[in-house]
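Asker: Dumping the structure here so I can ask a few things about it.
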Ligand code: SF4
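In our numbering, the protein residues as written are 8 to 335.
Here it is in structure tokens:
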């Protein structure tokens, strides 16, 4: 499969007055054409900063990309001037955000917001852009698209607003779609409708998808390959089948245990109360990451050497990489 987006050794940090936070730390990843690549991990592990770095939307300062390359169809986006980057963002690479209400302009009709992208990137006149907008809203499953295009974002429910965001993202037939927790703010039934819609539209426009979520259950049915991030580092990289059948990193194993299973009864030490599994402890303080493996303070298999140095990311099976001393 052809490589469409390749990230090499990317480090993004935030330089604050008294301290420095490495949000993305020497990350490598490859997105192939028409592939869905999942990026998984807890809140604060660097998923969103990674996507903002790709889109060129990082607030700078305090954000700064200190090393690495973001290769889109072989060209390093980090060498592009802002004007050139604006011709890529939204047209070649488009993003669907977690909370559509903060991403849509509350003062503009939804249809106008989509038409604007078409006029800017597709050289359409107002009439052509409006007709295409109706078509896009319709394909995103919005009933009465012609009338609803005249309405403002506050007149839409959360699920319908996310459909508008998806229509806007696919307006220019982007080669890469980045969806950052697109269903987190929605209830479960709407979640599955939005995921099905995203998948069918991605296939329709032959796009590749970078799908970011903390929800491993959603990932299972959606991604082709998964990268697990922790403290800004890639901890495991495998096909969805390998990752779920044979998770190698203790952090991945913990994430998978957190998926609630229907009918499974679990009880705490007192024998009565039903509980869900959780990974003990919290992400380390990003101002003071441990010298060794960042997962060491929470890891049930930690050994002495885990405190000494960060383990390397090793290829342990065909197309299955893991960063853990247990698999050297
Ligand atoms: Fe646990 Fe050590 Fe592996 Fe880190 S390197 S995940 S601390 S066993």
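We treat Cβ as the ideally placed atom computed from N, Cα and C, and that holds for glycine.
Would you mind stating whether residue 183 and residue 215 have Cβ atoms separated by less than 8 Å?
Answerer: yes
Asker: With a floor of 4 residues, list each alpha helix (DSSP H) that falls wholly inside the stretch 208-245, ordered by position along the chain.
Answerer: 223-227
Asker: Helix, strand or coil: which one does DSSP assign to residue 286?
Answerer: coil
Asker: Name the residue from 147, 101, 43 whose alpha carbon lies nearest to the alpha carbon of residue 166.
Answerer: 147
Asker: Can you find the residues in the same chain that come closer than 6 Å, C-beta to C-beta, to residue 44, ignoring five residues on each side of it along the sequence?
Answerer: 38, 217, 232
Asker: Of all the alpha helix (DSSP H) runs that stay within the bounds of the stretch 18-103, which reach a length of 4 or more residues?
Answerer: Residue ranges of uninterrupted alpha helix (DSSP H) with 4 or more members, entirely inside the stretch 18-103 and ordered along the chain, are 54-62, 89-95.
Asker: Less than 8 Å separating the beta-carbons of residue 318 and residue 300?
Answerer: Contact check for residue 318 against residue 300 passes: the beta carbons are separated by less than 8 Å.
Asker: Within the structure, which residues are defined as neighbours of the ligand SF4 by a Cβ-heavy atom distance below 7 Å, reported in chain order?
Answerer: 256, 257, 258, 300, 302, 303, 306, 308, 309, 310, 313, 318, 331, 332, 333
Asker: Between which two residues does the alpha helix (DSSP H) carrying residue 249 extend?
Answerer: 247-252
Asker: Which word fits residue 195, buried or exposed, when buried means at least 16 other C-beta atoms lie within 10 angstroms of its C-beta?
Answerer: exposed
Asker: Closer than 6 Å by C-beta to residue 201: which residues in its own chain qualify, once you throw out the five before and the five after it? Chain order, please.
Answerer: Within the same chain, residue 201 has close Cβ partners 169, 190.
Asker: From residue 116 to residue 142, what does the alpha carbon distance come to, in whole angstroms?
Answerer: 16 Å
Asker: Apart from the five residues just before and just after residue 97, which ones in its own chain have a Cβ nearer than 7 Å to its Cβ?
Answerer: 124, 128, 179
Asker: Kindly indicate which three-state DSSP category residue 111 falls into: helix, strand or coil?
Answerer: coil
Asker: In the DSSP output, what is residue 327 paired with across the bridge?
Answerer: Looking at the DSSP assignment, residue 327 forms a beta bridge with 324.
Asker: Between the stretch 80-94 and the stretch 107-114, are three or more C-beta pairs nearer than 8 Å?
Answerer: With the cut-off at 8 Å, the stretch 80-94 and the stretch 107-114 do not touch.
Asker: Who are the Cβ neighbours of residue 121 in its own chain at under 7 Å, not counting the five residues just before and after it?
Answerer: 140, 143, 174, 175, 178
Asker: Determine the direct distance from the alpha carbon of residue 100 to that of residue 62, and round the result to whole angstroms.
Answerer: Looking at the two C-alpha atoms, the distance is approximately 7 Å.
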